[in-house]
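Engineer:
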RNA sequence: GCGGCUGUAGCUCAGCGGAUAGAGCAUCGGUCUUCGGAACCGAGUGUCGGGGGUUCAAAUCCCUCCAGCCGCACCA
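In the numbering used here, the protein residues as written are 7 to 577.
Here you go:
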């Protein structure tokens with residue numbers, strides 16, 4: 007079905023086109039009418055005519071009869087009020103559409119989304135939260151839109167940190183390495199790090215160990231494998247706990263690109279892009295300077311002949327374009343890496359590895375802050391582990407559920423607590439503009455009131471309970487939606503706006519737009535719910551209201567699931 | 001120094017070229033003998049960091065200043 011917005015837009019567009027080809031009607035939802043078109047003023051300006059005049063002419067040419075009533079207001083706004091017939095028709099269209107008006111794309115693209123990317127030797131912590139949550143939401147949204155998503159979890163399983171770990175492992179005696187738990191590894195990593203920072207000879211040995219790793223020394227690789235295997239198994243558990251779609255198959259870490267790194271250098275050299283500087287092999291993409299105003303290099307091979315992460319990132323670009331046939335590549339990585347990615351993309355373009363047709367974007371995000379507005383840390387000043395974050399959220403959700411003395415048994419209640427906890431954490435992360443930092447406040451995000459994940463889940467569960475109370479399976483009858491109360495109409499308009507909200511959210515890679523939409527819908531819903539009796543109403547009115555409830559429940563369910571948030575049937 | 005990001009109601013955040021700047025929380029006041037009250041309705045508060053400029057129209061675009069955060073060659 008054609009969405010309400012698209013229908014209006016195309017009608018208006020035809021009329022605008024007759025005055026100036028391609029003139030933008032600037033169609034928006036409105037608080038003064040259902041929709042408003044603001045494009046007349048700009049057009050009139052270009053035409054050198056009085057705006058209201060132009061508005062009249064557009065009105066005369068737009069085929070809107072049966073669709074919307076239009077009024078010219080103020081300097082030349084077009085205020086559109088949807089006709090009852092059109093509203094009813096659109097709602098009927100939604101009723102029969104599993105996708106609620108969101109059409110699957112006709113051209114399926116292969117979209118490679120690089121996200122999460124923890125370090126395999128460490129436990130996952132808040133620093134990994136946003137990439138994981140935002141990336142997973144984008145992956146789900148792309149899939150729903152009908153694209154082919156290839157998730158890549160570019161874990162840090164290579165290079166100096168790993169060399170450092172192996173070196174430390176040798177120092178302290180390997181022992182029964184097969185029993186190294188991830189908790190041990192985390193402590194182990196910290197020890198190694200401390201030693202690396204304090205001890206120059208250890209640092210040197212680590213650097214040589216990188217080379218051994220990169221050149222495939224068997225003993226080095228054996229130790230490496232031990233650590234990696236355990237880490238991947240651990241990561242999988244965390245992703246499952248959080249309801250993240252990443253699997254071990256998506257783990258394609260830095261190590262994967264190891265055997266492509268020398269080709270990166272050779273091919274860059276062949277293209278005449280490599281410059282040696284201070285013993286390192288570099289590419290100088292134009293437009294990047296350091297603090298002294300000198301050209302800034304992208305170091306592809308370090309002076310110790312080890313490869314840096316620029317090399318593996320370049321190899322990854324080639325792999326994704328050549329072997330995965332990516333039409334679009336997203337890197338969900340924090341903003342501090344902005345310059346690095348700009349340089350990598352620039353070099354890839356210079357080398358001809360990244361064709362113009364491939365959209366390649368660094369999807370940045372801000373920091374997670376504590377209540378003091380500084381980087382979120384535990385009371386003791388340590389980074390907070392995702393497992394403990396979720397654990398605490400689950401405890402609180404569970405406690406809240408127990409207070410409501412529901413009829414759930416322990417197992418069901420615990421499961422529900424998990425779903426609520428995930429929703430709280432994910433929604434808090436997704437619902438603000440990803441560019442901004444946000445303050446992590448568990449009390450607020452897990453509240454059942456306000457703009458929170460649990461509130462949206464509850465809105466959905468309330469609807470589902472209505473249908474449960476019916477006692478018999480309900481199938482939406484053909485109803486003539488008449489929408490006689492303002493709340494019904496308001497809700498209906500909200501339901502019809504789902505496609506544009508979804509599409510805008512996806513097009514801008516900003517999941518928070520979908521969150522804003524869903525919260526607004528939930529508010530319309532509760533207002534409706536309060537003003538319009540459903541089960542106690544009768545006849546066609548009851549059918550109509552049930553149909554609205556059904557649509558709202560489906561919209562919330564799809565909207566939440568596409569964000570990676572569960573929509574429980576019962577709360 | 002250069003570059004980037006951020007500065008909107010007491011707090012947390014939407015809005016990013018359109019008509020009186022919105023929501024949640026908190027505060028205050030109401031509603032309803034609940035189709036699940038984990039509800040609804042109403043009220044108040046804003047130099048949209050400051051100052052210039054562009055525009056019929058600026059929180060939104062440009063310049064500048066202030067404040068804060070981040071990045072700026074061999075750690076990823």
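Ideal Cβ positions, reconstructed from N, Cα and C, are used throughout, including at glycine. All figures in this text were calculated on a predicted structure; none of them were measured in a lab.
Rounded to whole angstroms, what is the Cα-Cα separation between residue 359 and residue 379?
Structural biologist: Position 353 of the first chain, counting from 1, holds the residue named residue 359. Position 373 of the first chain, counting from 1, holds the residue named residue 379. Between residue 359 and residue 379, the C-alpha separation is close to 41 Å.
Engineer: At which residues does the beta strand (DSSP E) containing residue 88 begin and terminate?
Structural biologist: Counting from 1 along the first chain, the entry for residue 88 is found at position 82. 83 to 88 is the extent of the beta strand (DSSP E) around residue 88.
Engineer: When you compare only the Cα positions, how much space is there between residue 23 and residue 29?
Structural biologist: Along the first chain, read from residue 1 onward, the residue named residue 23 stands at position 17. Along the first chain, read from residue 1 onward, the residue named residue 29 stands at position 23. In a straight line, the C-alpha of residue 23 is about 6 Å away from that of residue 29.
Engineer: Compute the Euclidean distance between the alpha carbons of residue 67 and residue 60, then round it to the nearest angstrom.
Structural biologist: Position 61 of the first chain holds residue 67. Position 54 of the first chain holds residue 60. Rounded to whole angstroms, residue 67 and residue 60 show a C-alpha spacing of 11 Å.
Engineer: Counting along the chain, where does the alpha helix (DSSP H) carrying residue 211 start and finish?
Structural biologist: The residue labelled residue 211 in the question sits at position 205 within the first chain. Bounds of the alpha helix (DSSP H) holding residue 211 are 206 to 220.
Engineer: May I have the straight-line CA-CA distance separating residue 498 from residue 554, to the nearest angstrom?
Structural biologist: Taking the first chain and counting its residues from 1, the one referred to as residue 498 is at position 492. Taking the first chain and counting its residues from 1, the one referred to as residue 554 is at position 548. Distance between the alpha carbons of residue 498 and residue 554 is about 7 Å.
Engineer: Do you know offhand how far residue 510's Cα is from residue 9's?
Structural biologist: Taking the first chain and counting its residues from 1, the one referred to as residue 510 is at position 504. Taking the first chain and counting its residues from 1, the one referred to as residue 9 is at position 3. Looking at the two C-alpha atoms, the distance is approximately 13 Å.
Engineer: Apart from the five residues on each side of it in sequence, which residues of its chain come closer than 6 Å, Cβ to Cβ, to residue 291?
Structural biologist: For the purposes of this step, residue 291 is taken as the residue at position 285 of the first chain. Same-chain partners within the cutoff: 349, 352, 353.
Engineer: Go to residue 426, then tell me how far its beta strand (DSSP E) extends in each direction, as first and last residue.
Structural biologist: As a working note, residue 426 is residue 420 in the first chain. Looking at the DSSP string, residue 426 is not in any beta strand (DSSP E); the run it does join, the alpha helix (DSSP H), is 416 to 436.
Engineer: For the alpha helix (DSSP H) containing residue 394, list its first residue and its last residue.
Structural biologist: In the first chain, counting from the first residue as 1, residue 394 sits at position 388. If you look at residue 394, you'll find it in the alpha helix (DSSP H) that goes 392 to 409.
Engineer: For residue 453 and residue 377, I'd like the C-alpha separation in whole angstroms.
Structural biologist: Mapped onto the first chain, residue 453 falls at position 447. Mapped onto the first chain, residue 377 falls at position 371. When rounded, the distance between both Cα atoms is 17 Å.
Engineer: Leaving out the 5 sequence neighbours to the left and right, which residues in its chain are closer than 8 Å to residue 110 when beta-carbon positions are compared?
Structural biologist: Taking the first residue of the first chain as 1, we reach residue 110 at position 104. Excluding residues within five positions, the ones whose Cβ falls inside 8 Å are 151, 152.
Engineer: In terms of DSSP beta bridges, what is residue 283 paired with?
Structural biologist: For this step, residue 283 is matched to residue 277 along the first chain. DSSP lists 286 as partners of residue 283.
Engineer: What residues in its chain sit with their C-beta under 7 Å from that of residue 116, if we drop five residues either side in the sequence?
Structural biologist: One-based indexing of the first chain puts residue 116 at position 110. Excluding residues within five positions, the ones whose Cβ falls inside 7 Å are 154, 156, 330, 331, 332, 333.
Engineer: If you scan the segment 301 to 347 from start to end, which runs of the beta strand (DSSP E) of 3 or more residues do you find wholly inside it?
Structural biologist: 304 to 307, 334 to 338
Engineer: For residue 41, write down the residues that DSSP places opposite it in a beta bridge.
Structural biologist: Here residue 41 is taken as the residue at index 35 of the first chain, counted from 1. DSSP output for residue 41 lists 35, 86 as bridge partner(s).
Engineer: Give the list of continuous beta strand (DSSP E) stretches no shorter than 3 residues that lie fully inside the segment 50 to 138.
Structural biologist: 74 to 79, 83 to 88, 116 to 120
Engineer: So is residue 586 buried or exposed if we call it buried at 16+ other beta carbons inside 10 Å?
Structural biologist: Past the edges of the chain, shown from 7 to 577, lies residue 586, and the structure says nothing about it.
Engineer: Rank 567, 213, 513 by C-alpha distance to the C-alpha of residue 249 and give the top, closest one.
Structural biologist: Position 243 of the first chain, counted from the start, is the residue given in the question as residue 249. The option with the nearest alpha carbon to residue 249 is 567.
Engineer: Within the chosen definition, does the segment 78 to 92 reach the segment 34 to 42 through at least 3 CB pairs nearer than 8 Å?
Structural biologist: At 8 Å Cβ cutoff, the stretches touch.
Engineer: Does the pairing of the segment 361 to 376 with the segment 136 to 143 give three or more beta-carbon distances under 8 Å?
Structural biologist: yes
Engineer: Below 8 Å on the Cβ atoms is my guess for residue 487 versus residue 75; work out the distance and round it to an integer in Å.
Structural biologist: Translated into the one-based positions of the first chain, residue 487 becomes position 481. Translated into the one-based positions of the first chain, residue 75 becomes position 69. Not quite, the Cβ-Cβ distance comes to about 18 Å (not below 8 Å), so this is no contact.
Engineer: Could you give the distance in angstroms between the alpha-carbon of residue 336 and the alpha-carbon of residue 119?
Structural biologist: Taking the first residue of the first chain as 1, we reach residue 336 at position 330. Taking the first residue of the first chain as 1, we reach residue 119 at position 113. One C-alpha to the other measures close to 5 Å.
Engineer: Taking residue 128 as the reference, which of 448, 508, 192 has the closest Cα?
Structural biologist: Taking the first residue of the first chain as 1, we reach residue 128 at position 122. Selected option, being the one with the closest Cα: 192.
Engineer: What are the residues that DSSP puts in a beta bridge with residue 444?
Structural biologist: As a first step, residue 444 must be located in the first chain, where it is residue number 438. DSSP output for residue 444 lists 374 as bridge partner(s).
Engineer: Under the three-state reduction of DSSP, which class applies to residue 184: helix, strand or coil?
Structural biologist: Mapped onto the first chain, residue 184 falls at position 178. Low confidence applies to residue 184: its pLDDT is 49, below 50, so where it sits in the model is not reliable, and the reading given next is rough at best. Looking at residue 184 - three-state DSSP - the assignment turns out to be helix.
Engineer: Please confirm whether residue 562 and residue 143 have their CB atoms less than 7 Å apart.
Structural biologist: Locating residue 562 in the first chain gives position 556, counting from the first residue. Locating residue 143 in the first chain gives position 137, counting from the first residue. No.
Engineer: Give the DSSP bridge partners of residue 255, in chain order.
Structural biologist: Mapped onto the first chain, residue 255 falls at position 249. In the DSSP output, where bridge partners are listed per residue, residue 255 has none listed.
Engineer: Using only CA atoms, which one of 211, 170, 215 lies nearest to residue 200?
Structural biologist: The count along the first chain starts at 1 and reaches residue 200 at position 194. For residue 200, the closest C-alpha among the options 211, 170, 215 is that of 170.
Engineer: Express the C-alpha separation of residue 126 and residue 237 in angstroms, rounding to a whole number.
Structural biologist: For the purposes of this step, residue 237 is taken as residue 231 along the first chain, with counting starting at 1. For the purposes of this step, residue 126 is taken as residue 120 along the first chain, with counting starting at 1. Their Cα atoms are separated by approximately 5 Å.
Engineer: Quick one: Cα of residue 72 to Cα of residue 326, how far?
Structural biologist: Within the first chain, residue 72 is the residue found at index 66, counting from 1. Within the first chain, residue 326 is the residue found at index 320, counting from 1. Each residue's alpha carbon lies about 49 Å from the other.
Engineer: Taking the C-alpha atoms as reference points, what is the distance between residue 340 and residue 158?
Structural biologist: Here residue 340 refers to the residue found at position 334 of the first chain. Here residue 158 refers to the residue found at position 152 of the first chain. Residue 340 and residue 158: Cα-Cα distance of roughly 16 Å.
Engineer: Looking only at its own chain, which residues have a Cβ that is under 7 Å from the Cβ of residue 580, when we skip the five neighbours before and after it?
Structural biologist: One cannot answer for residue 580 here, as it falls past the ends of the chain, which runs 7 to 577.
Engineer: On the DSSP bridge list, what partners appear for residue 632?
Structural biologist: In the structure displayed, the chain extends from 7 to 577; residue 632 sits before or after that span and is not available.
Engineer: Distance, Cα to Cα, residue 252 vs residue 258?
Structural biologist: For the purposes of this step, residue 252 is taken as residue 246 along the first chain, with counting starting at 1. For the purposes of this step, residue 258 is taken as residue 252 along the first chain, with counting starting at 1. If I take the Cα positions, the gap works out to 11 Å.
Engineer: Let's test the definition: count the other Cβ atoms within 10 Å of the Cβ of residue 588 and tell me whether it reaches 16, buried, or not, exposed.
Structural biologist: The structure shown does not extend to residue 588, since the chain is modelled only from 7 to 577, so the question has no answer here.
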